[in-house]
Amino acid sequence: MELDPKYDDYDYPTTAPVAQNGHPGHLTSQQQAQVHQLRLMLESEGYKKRLDTLTLLRFLRARKFDVNLAKTMFVECEKWREQTKLDETVPTWEYPEKEEVFKYYPQFYHKTDKDGRPVYIEQLGGIDLNAMYKITTAERMLTNLAVEYERLADPRLPACSRKAGTLLETCCTIMDLKGVGISKAPQVYSYVKQASSLSQNYYPERLGRLYLINAPWGFSGVWSVVKGWLDPVTVQKIHVLGSGYQKELLEQVPAENLPKQFGGTCECPGGCQMSDMGPWREKEWARPAKWETTIQTSGSEVTEGAAAAQGAQGDAPVVAEAGATAPAPAAA
2 MELDPKYDDY DYPTTAPVAQ NGHPGHLTSQ QQAQVHQLRL MLESEGYKKR LDTLTLLRFL
62 RARKFDVNLA KTMFVECEKW REQTKLDETV PTWEYPEKEE VFKYYPQFYH KTDKDGRPVY
122 IEQLGGIDLN AMYKITTAER MLTNLAVEYE RLADPRLPAC SRKAGTLLET CCTIMDLKGV
182 GISKAPQVYS YVKQASSLSQ NYYPERLGRL YLINAPWGFS GVWSVVKGWL DPVTVQKIHV
242 LGSGYQKELL EQVPAENLPK QFGGTCECPG GCQMSDMGPW REKEWARPAK WETTIQTSGS
302 EVTEGAAAAQ GAQGDAPVVA EAGATAPAPA AA
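Residue numbering for the sequence shown follows the numbering used here, starting at 2 and increasing by one per position.
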């Protein structure tokens, strides 16, 4: 894979562990040319940020290497970033209501799976939007979601890649549906739909595996219909499991990395939900995020010291990939 020194500044492995078509380190000459073509098209329109090879490849894969469609997706993403002032928000973002929000909707990263990817966990059974909106707002929840995507990209995934010795670009996601009954489903899917839309449109190719555990009665029937609408590659990533999910889940996530409440053995001091444990917290693998060290905001530079208090803490995003449609965040 050819790298462009103007944009490609990586301090972690850049070759994907499996030789999949269109993935870093496993490109055809045509795909490499399409990366160059996309970059030139974006440069000609004045875009200068996020033109590195790995980012462009994610947008190209999301659009089946149709350069024009990938360009449209990238441009729409940049417009959204500008409108939301995301680059300015990330280094200084604070979410003090997180612990209270977690009482209704826990969302957290916790260690890694057997492939070295970050494990991301959501528990949807306690969602009560009316109660949550007394603590925070829908806008702040979605802003926090976007910030956590940025922190997934850097520093979480780079740290995991360093530890694994190979490029890791995706997560292993566990979505616990326990308690999501018919009466609660509309509230759950109302927020999840907004979150999934954000992830599909602006953060493509971030889903490695998705385990839907404690799936309620009747869900499997719905899933058998829905998966017929999805790309076969996406379907292979999604595993719908009932209450007896532990055996299959533990085949992917080591018991010592899985919180005890899900059948693992991990009991972090203060609770796994708030620990944010993983390679991004281990001195040997962690590095300051690029947004943490040099971010230009409104003509002034935010340094590492200004952002150090934020680190990589916070809850995490619903992980879905671009290009798919589903009633739940099981898209990829």
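Even glycine gets a Cβ: it sits at the ideal position worked out from N, Cα and C.
Between the region 45-54 and the region 197-206, the count of C-beta pairs closer than 8 angstroms stays below three; the two stretches do not touch. Annotated three-state conformation of Gln84 is helix, per DSSP. The C-alpha of Glu44 is placed about 43 angstroms away from the C-alpha of Asn258.
Restricting attention to alpha helix (DSSP H) runs no shorter than 4 residues, the region 157-212 encloses them at 158-165 and 186-203, ordered along the chain.
With contact defined as three or more Cβ pairs closer than 8 angstroms, the region 117-130 and the region 232-252 are not in contact.
Cys267 has Pro260 as its beta-bridge partners, per DSSP. Annotation: Asp155 to Trp286 spans about 12 angstroms, alpha carbon to alpha carbon. For Phe109, the enclosing beta strand (DSSP E) starts and ends at Gln108 to Thr113. For Gln188, the CB contacts under 6 angstroms within the same chain, skipping 5 residues up- and downstream, are Ile128 and Leu130 in chain order. Here Thr29 is exposed: its Cβ has fewer than 16 other Cβ atoms, across all protein chains shown, within 10 Å.
C-alpha of Ile175 to C-alpha of Leu211: approximately 6 angstroms in a straight line. Take Ala290, set aside five residues on each side of it, and the residues of its chain with a beta-carbon closer than 6 angstroms to its own are Asp155 and Pro156, in chain order.
Inclusion of Pro18 and Thr167 in the CB contact set at 9 angstroms is warranted, their separation being smaller than that value. Shown here for Val91: same chain residues with a beta carbon closer than 6 angstroms to its own, the five before and five after excluded, namely Val148, Glu151 and Trp292 in chain order. Residue pairing by DSSP puts Gln124 in a beta bridge opposite Asp177. The beta carbon of Gln124 sits closer than 6 angstroms to those of Pro107 and Asp177, all from its chain and outside the five residues before and after it, given in chain order. In the DSSP secondary-structure assignment, Pro289 is not bridged to any residue.
Put simply, the backbone Cα of Pro280 is about 32 angstroms away from that of His37. Thr85 and Cys78 have their C-alpha atoms roughly 11 angstroms apart.
Take His240, set aside five residues on each side of it, and the residues of its chain with a beta-carbon closer than 8 angstroms to its own are Arg210, Leu211, Tyr212, Leu213 and Glu249, in chain order. Annotated as distal: Phe103 and Ile122, with beta-carbon spacing of 9 angstroms or more.
Contact between Tyr96 and Ala132 is absent: CB atoms are separated by about 17 angstroms, not below the 8 angstroms threshold. When the alpha-carbon of Asn22 is set against those of Gln33, Asp12 and Pro14, the nearest one is in Gln33. Between His24 and the set Thr171, Met74, Phe220 and Ser244, the nearest pair of CA atoms involves Thr171.
A direct Cα-to-Cα measurement between Gly272 and Lys261 gives close to 10 angstroms. Shown here, Val241 sits in a strand according to DSSP, grouped into three states. In the structure shown, Pro119 adopts extended strand secondary structure according to DSSP, grouped into three states. Rounded to whole angstroms, the separation of the alpha carbons of Glu283 and Pro255 is 18 angstroms.
Per the coordinates, the alpha-carbon of Asn215 lies some 10 angstroms from the alpha-carbon of Phe263. Beyond the five residues adjoining it in sequence on each side, Gly26 comes within less than 6 angstroms, by CB distance, of Met2, Thr16 and Ala17 in the same chain, given in chain order.
For Leu143, the closest alpha carbon among the candidates Cys173, Leu242 and Ser197 is that of Ser197. When only Cα atoms are considered, Leu153 and Gly219 end up about 33 angstroms apart.
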